[in-house]
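> The following block contains the structure, expressed as structure tokens.
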Amino acid sequence: MSDGPAAQSPWQTVTIRRIEKRTPRVTSFFLRPSRPFAYRAGQHVDVRLTAPDGYQARRSYSIASAPESGETIELAIERLEDGEVSPFFHEVAAVDDEVELRGPLGGHFVWSDSDGGPLLLVGGGSGVVPLMAMIRHRAARKSAVPAALVFSSRIWDEVIFRDELID
Numbered sequence: 030m031s032d033g034p035a036a037q038s039p040w041q042t043v044t045i046r047r048i049e050k051r052t053p054r055v056t057s058f059f060l061r062p063s064r065p066f067a068y069r070a071g072q073h074v075d076v077r078l079t080a081p082d083g084y085q086a087r088r089s090y091s092i093a094s095a096p097e098s099g100e101t102i103e104l105a106i107e108r109l110e111d112g113e114v115s116p117f118f119h120e121v122a123a124v125d126d127e128v129e130l131r132g133p134l135g136g137h138f139v140w141s142d143s144d145g146g147p148l149l150l151v152g153g154g155s156g157v158v159p160l161m162a163m164i165r166h167r168a169a170r171k172s173a174v175p176a177a178l179v180f181s182s183r184i185w186d187e188v189i190f191r192d193e194l195i196d
């Protein structure tokens with residue numbers, strides 16, 4: 030994995046403040062950064078875990094929360110059976126644990142109400158996560174921009190943010 034532009038964003042410690050099960054395979058982790066963390070709806074972060082022997086594993090996760098959400102950011106992490114990072118979050122991580130995070134990253138797939146619309150969001154499975162940040166941002170800004178979400182999932186029980194989307 031190349032550091033590229035992400036190298037300009039320093040690693041910081043974040044604390045897990047809350048954990049919420051979303052589906053049988055997806056759990057949201059609400060993280061509180063140690064420094065101010067401004068981002069745009071649609072951006073992502075890198076998470077780094079360091080083992081006692083010094084081995085490090087990194088993965089990128091889209092931010093699900095709106096930029097207006099306050100002092101925490103939400104990552105909805107799908108458990109992958111052969112993953113290096115997701116099993117840690119699903120099986121080991123607990124409230125008040127700390128992990129390392131870098132970001133925000135990515136500026137090509139972002140949306141702000143000032144960008145106007147109409148807004149058509151299309152995704153499937155865990156691809157709804159950055160779209161959810163945009164939907165929440167639109168709601169937080171009380172934006173009148175017309176918006177529609179086209180979303181697919183193989184199984185109804187696997188629809189991430191199902192209850193919130195139904196409302």
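Going by my numbering, the letters in the sequence shown line up with residues 30 to 196, in that order.
Each residue gets a CB set at the ideal place from its N, CA and C atoms; glycine is no exception.
1) Beta strand (DSSP E) containing residue 176: first to last residue?
2) DSSP three-state label for residue 137, please.
3) Which value, in whole angstroms, describes the spacing of the CA atoms of residue 76 and residue 130?
4) For residue 127, count the other beta carbons within 10 Å of its own beta carbon; 16 or more makes it buried, fewer makes it exposed. Which is it?
5) In whole angstroms, what separates the C-alpha of residue 138 from that of residue 72?
6) Within its chain, find whatever has a CB closer than 8 Å to the CB of residue 55; leave out the 5 residues flanking it on each side and keep chain order.
7) In the DSSP assignment, what are the bridge partners of residue 46?
8) For the segment 162 to 169 against the segment 80 to 94, are there 3 or more C-beta pairs whose distance is under 8 Å?
9) Using a Cβ-based criterion (distance less than 7 Å to any ligand heavy atom), does residue 132 qualify as near the ligand MG?
10) With DSSP as the reference, label residue 77 as helix, strand or coil.
11) Return the bridge partner residues of residue 59 from the DSSP annotation.
12) For residue 118, which residues in the same chain have their Cβ closer than 8 Å to its Cβ, ignoring the five residues on either side in sequence?
13) Kindly indicate the opening and closing residues of the beta strand (DSSP E) around residue 89.
With the structure as the only source:
1) On the sequence shown, position 147 is the one that residue 176 refers to. Taken as a continuous stretch (DSSP letters only), the beta strand (DSSP E) holding residue 176 covers 176 to 181.
2) Position 108 of the sequence shown, counted from the first residue, corresponds to residue 137. If DSSP states are grouped into helix, strand and coil, residue 137 belongs with coil.
3) Taking the first residue of the sequence shown as position 1, residue 76 is located at position 47. Taking the first residue of the sequence shown as position 1, residue 130 is located at position 101. Looking at the two C-alpha atoms, the distance is approximately 5 Å.
4) One-based indexing of the sequence shown puts residue 127 at position 98. Under this definition residue 127 is an exposed residue.
5) Taking the sequence shown and counting its residues from 1, the one referred to as residue 138 is at position 109. Taking the sequence shown and counting its residues from 1, the one referred to as residue 72 is at position 43. Straight-line Cα distance between these residues: approximately 7 Å.
6) Locating residue 55 in the sequence shown gives position 26, counting from the first residue. 105, 106, 107, 108, 155, 187, 189, listed in sequence order.
7) By 1-based counting over the sequence shown, the position of residue 46 is 17. Paired residues: none, contrary to the question.
8) yes
9) Absent from the structure shown: the ligand MG. Ligands present: none.
10) On the sequence shown, residue 77 is found 48 positions in, with the first residue counted as 1. In the structure shown, residue 77 sits in a strand (DSSP, three-state: E or B).
11) Taking the first residue of the sequence shown as position 1, residue 59 is located at position 30. Per DSSP, 47, 103.
12) Along the sequence shown, read from residue 1 onward, the residue named residue 118 stands at position 89. Closer than 8 Å at the Cβ level, and outside the excluded window around residue 118, lie 56, 58, 106, 108.
13) As a working mapping, residue 89 is identified with position 60 in the sequence shown. First-last of the beta strand (DSSP E) with residue 89: 85 to 91.
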